[in-house]
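Each residue of the sequence shown is one higher than the one before, counting from 291 in this note's numbering.
Backbone N, C-alpha and C define an ideal beta-carbon position, used for all residues, glycine too.
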Amino acid sequence: MIIVTGGAGFIGSNIVKELNARGREDILVVDDLSDGTKFKNIADCEIADYMDKDDFIELVEAGEEFANHLDVVFHEGACSATTEWDGRYMMRNNYEYSKSLLHYCQKRHTPFIYASSASVYGDGSGGFTESRECEEPLNVYGYSKWQFD
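Given below as structure tokens:
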């Protein structure tokens, strides 16, 4: 089985489509469909199941097994609203959620593929190198991604 968090978003749904093109349909899509239009991104995809992001992380934190063998977790799920200023929400949703999922994968020796964000570099004036002097997030979204990186 393959898990794709943020699977109904732009990046996640394109990962699901590519997995389908490679013959994979044993995919658990995890997302937040409170924006009811996002389902359109995966409506034409073949998946094994869909799960709400909150239900999923509860099971992850409880140590639930999702399959006999988990091939990989593509973690693309996050609140990406750069205008969201509720820091507690962003850190819980982006940083803590990611940590819980990473630890889950580490315990099972499951590959964990994560999408960070260019927002960790701020306005880019310092360049785009993975070094502390170039990393200057401008908002809490960028900070939450930077903390996890």
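{"Check": "According to DSSP, what are the bridge partners of His-365?", "Outcome": "Thr-295, Tyr-404"}
{"Check": "Would you kindly report the start and end of the unbroken alpha helix (DSSP H) that includes Val-430?", "Outcome": "430-438"}
{"Check": "Determine the extent of the beta strand (DSSP E) in which Ile-317 is found, giving its start and end residues.", "Outcome": "317-321"}
{"Check": "Put Asp-334 into one of helix, strand or coil per three-state DSSP.", "Outcome": "coil"}
{"Check": "Beta-carbon within less than 8 Å of Leu-391's beta-carbon, same chain only, minus the 5 sequence neighbours each way: which residues are those?", "Outcome": "Thr-295, Ile-347, Val-350, Val-363, His-365, Phe-402"}
{"Check": "Please name the residue or residues paired with Met-341 in a DSSP beta bridge.", "Outcome": "Val-320"}
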